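Chains as they are written, first to last, in numbering that gives the first Met the number 0: chain A, 0 to 117; chain Z, 0 to 117.
Note that beta-carbon positions come from the ideal geometry of N, C-alpha and C, so glycine has one too.
Note that the coordinates shown come from a computational prediction; the quantities given were computed from them, not determined experimentally.
What follows is a short report on a single structure.
Number of protein chains: 2
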Amino acid sequence: MTLPHPNTDQISLPIVLGVLGDPTRLAIVRYLASKEGVALNCSQFLDLGSKTNLSYHLAKLREAGITRTEIRGTNRLISLRRADLDSRFPGLLDSIIASAIKLPINIKEAVGVETTAR
Amino acid sequence: MTLPHPNTDQISLPIVLGVLGDPTRLAIVRYLASKEGVALNCSQFLDLGSKTNLSYHLAKLREAGITRTEIRGTNRLISLRRADLDSRFPGLLDSIIASAIKLPINIKEAVGVETTAR
């Protein structure tokens with residue numbers, strides 16, 4: 000079984016921006032970027048939200064073409080589609096990640112105390 | 000009378016991305032960037048949507064800190080907050096504008112025929 004992913008030329012700028020307009024999804028992308036080249040298991044994101052919430056956010060990221068989800072047995076491995084995003088929107092992912100690094104990594108804190116800078 | 004605008008340090012990455020996740024708002028930003036340094040009157044955006052729709056989109060852009068709206072008599076002058084955005088999120092606006100340039104400028108067409116490239 001494979002999950003649906005958009006082709007590179009189907010990745011849409013407004014959809015990518017809209018999907019990244021969420022602190023949890025930005026934190027997931029930032030975490031994936033920090034472990035680049037490694038596909039991460041869903042459970043590695045559990046600091047960022049509940050399992051149900053994460054499934055929802057990971058589906059949004061996959062459907063927008065930002066991440067790839069591979070099913071391996073009972074695992075789902077998530078990776079950033081950096082090459083696809085870089086070819087489609089040069090410089091965009093890097094500038095978003097560079098700015099997202101300044102955000103608090105702990106989402107509950109980010110939502111609760113919006114003005115806290117780290 | 001002045002309209003509320005966030006200070007530079009209140010401009011939030013997820014909010015900016017979320018607000019730009021819309022083809023009409025991307026087209027407005029692209030148009031403002033093409034006329035940079037000039038404050039534009041609301042009526043100059045009428046190709047991009049109805050008056051009511053534009054008021055809504057321009058308010059969203061202002062509240063996110065992406066644009067500045069100045070009231071001059073019966074006119075509203077809109078300009079891009081490029082310096083504020085560049086200092087807050089270096090490179091972000093340029094990469095978004097560079098990618099948005101590839102989108103169709105006519106929003107009705109962009110929404111109707113998503114795969115048309117110009």
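Between Z/Ile95 and chain A, the shortest Cβ-Cβ separation is below 8 Å. Flagged as an interface residue toward chain A: Z/Ser98, by a C-beta distance shorter than 8 Å. Within chain A, the residues whose beta carbon sits less than 8 Å from that of Z/Pro89 are Ser94, Ala97, Ser98, listed in sequence order.
Taking Z/Ser78 as reference, the option from Z/Pro89, Z/Leu92, Z/Asn40 with the minimal CA-CA separation is Z/Asn40.
Under the Cβ criterion of 8 Å, A/Pro5 is not counted among the residues facing chain Z. With its beta carbon less than 8 Å from one in chain A, Z/Ile14 belongs to the interface.
Counting only residues of its own chain and dropping the five nearest sequence neighbours on each side, Z/Leu53 has a CB closer than 6 Å to the CB of Phe44. A direct Cα-to-Cα measurement between Z/Thr7 and Z/Asp85 gives close to 10 Å.
Contact residues of the stretch 43–54 of chain A toward chain Z are absent (C-beta to C-beta distance below 8 Å). For A/Val28 and Z/Ile70, the gap between their C-alpha atoms comes out near 39 Å. Not a single CB atom of chain Z sits nearer than 8 Å to the CB of A/Asp83.
Residue contact with chain A for Z/Gly64: absent (no Cβ-Cβ distance below 8 Å to any residue of chain A).
Take the alpha-carbon of A/Glu62 and the one of Z/Leu19: they are about 18 Å apart.
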